[in-house]
Amino acid sequence: MGYKKKHKYFSKPLELPEVRIRIASFLSNKDCISCSCVSRAWTMDFIGPIWNTIDFGIDDSFSKIPPEVILKYGHHVHRVFNILKEEHITSLQHPAITSLKRVEFFVTKNQNSLAHFLDV
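In terms of UniProt numbering, the sequence shown has 68 at position 68, counting the first letter as 1, and numbering is strictly consecutive.
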């Protein structure tokens, strides 16, 4: 007689952090930045992918980021590619960058560049 079984299920998948993190892995940095502006919870899930990989060959702006921003998010940096200039190396020497797993340098046959690299 009119018995309805109530199913409890989660109807808002974007409220699950694990779903947002998975989605973030497929988005560009620009899209992740937009998503991180939605709320504090979304910021926590989308900020990691934004900072995970720094490629100076694609975007040279990392070396211009203020130190206080690197202090807050630098621990998310895991991979760095195409280090081309001294300022790139300098920006990566911030004490908050503690989780580097992979670094790739662009090497030239300039003897002065090699000497400077060995000094760093």
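Even for Gly, the Cβ is constructed at its ideal location relative to N, Cα and C.
For the beta strand (DSSP E) containing D55, list its first residue and its last residue.
Residues 53–55.
Exposed or buried, which one is L16 when buried takes at least 16 other CB atoms within 10 Å?
Exposed, by the Cβ-count rule.
Just the C-alpha distance for D55 and F81, rounded to the nearest angstrom, thanks.
D55 and F81 have their C-alpha atoms roughly 5 Å apart.
Any idea what DSSP makes of F81, helix, strand or coil?
The answer is strand: DSSP assigns F81 an E or B state.
Check the C-beta distance from R79 over to K64 and give it rounded, since I have them as a contact under 8 Å.
Not quite, the Cβ-Cβ distance comes to about 19 Å (not below 8 Å), so this is no contact.
What are the start and end residues of the beta strand (DSSP E) that includes E104?
Annotation for E104: the continuous beta strand (DSSP E) segment containing it runs 102–105.
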